[in-house]
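Written below as structure tokens is the structure these notes are about.
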Amino acid sequence: MRKLLFKSLFFRPLTEAAPSPDDAGLSELAAAVGRAARRRLGRSLSIREVDAGSCNGCELEIHALNNAYYDVERFGLRFVASPRHADVLMVTGPVTKNMREALERTYRATPDPKWVVAIGDCAKDGGCFAGSYAVVGGVGDVVPVDLHIPGCPPTPTAMLKGLLALLEQVDKAAVSP
Ligand code: SF4
């Protein structure tokens, strides 16, 4: 204990520095996602998160979207408890054999129009868990994926940028003949 206290006097903590509280770009980004959702859906965007077998690192970053700093609900992005209320499924992790059916059922329970966003490197192709006896593969091996957001784990900002790109792409597709 004494050694630990002594060490803490000379070394900085291993945590990352807190983001700047006056990050206007972030608020603008989240507001742009909210506006794009209202333009496309006429209301807030509802997101259902599905952990298909992740290490929970991606979940920590997804949870951060709702913390006091990001607080995306103020821009009309809501996490919902049921896929029946969702527009977007955010799926993390490699899909494990045990979660395959749950993911398929969640996808079927989500009303159209719906979009699937695969979050993190594992969701693309299994990542560092690829080849495991317990893993089916990436999310795209089980349900159709509209967007993949890379990273291990991706940051909340990367997720917001991905959602904005997805909604803008959907918007364009709806306008073009
Ligand atoms: S991408 Fe990284 S953080 Fe996300 S589930 Fe895979 S190993 Fe964990």
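For the sequence shown, position 85 matches number 87 in my numbering, and the numbering has no gaps at all.
A virtual CB, placed ideally from N, CA and C, is assigned to each residue, including glycine.
A quick note: this is a predicted structure, and the numbers were derived from the prediction, not measured.
{"Query": "Beta-ladder partner(s) of Phe81, from DSSP", "Result": "Ile49"}
{"Query": "Selected residue, minimal CA-CA separation from Val82, among Gly55, Ile49, Ala132, Val137", "Result": "Ile49"}
{"Query": "Any non-hydrogen atom of ligand 1 within 7 Å of Ser134 CB", "Result": "no"}
{"Query": "Host beta strand (DSSP E) of Ala120 (start-end)", "Result": "117-121"}
{"Query": "Integer Cβ distance of Thr94 from Cys60, believed to fall under 8 Å", "Result": "4 Å"}
{"Query": "Backbone CA spacing between Gly122 and Ala132 [nearest angstrom]", "Result": "13 Å"}
{"Query": "Rounded separation between His150 and Leu11 - CA only", "Result": "43 Å"}
{"Query": "Thr112 - DSSP class collapsed to helix/strand/coil", "Result": "coil"}
{"Query": "Quiz: which residues have CB nearer than 5 Å to ligand 1 non-hydrogen atoms", "Result": "Ser56, Cys57, Gly59, Cys60, Gly95, Gly122, Asp123, Cys124, Gly129, Cys154, Pro155"}
{"Query": "Pairwise C-alpha distance: Thr98 and Gly55", "Result": "5 Å"}
{"Query": "Span separating the alpha-carbon of Lys126 from that of Glu63", "Result": "17 Å"}
{"Query": "DSSP three-state assignment for Gly139, whether helix, strand or coil", "Result": "strand"}
{"Query": "Neighbour-count burial assignment, Glu51, 16 or more Cβ in a 10 Å radius", "Result": "buried"}
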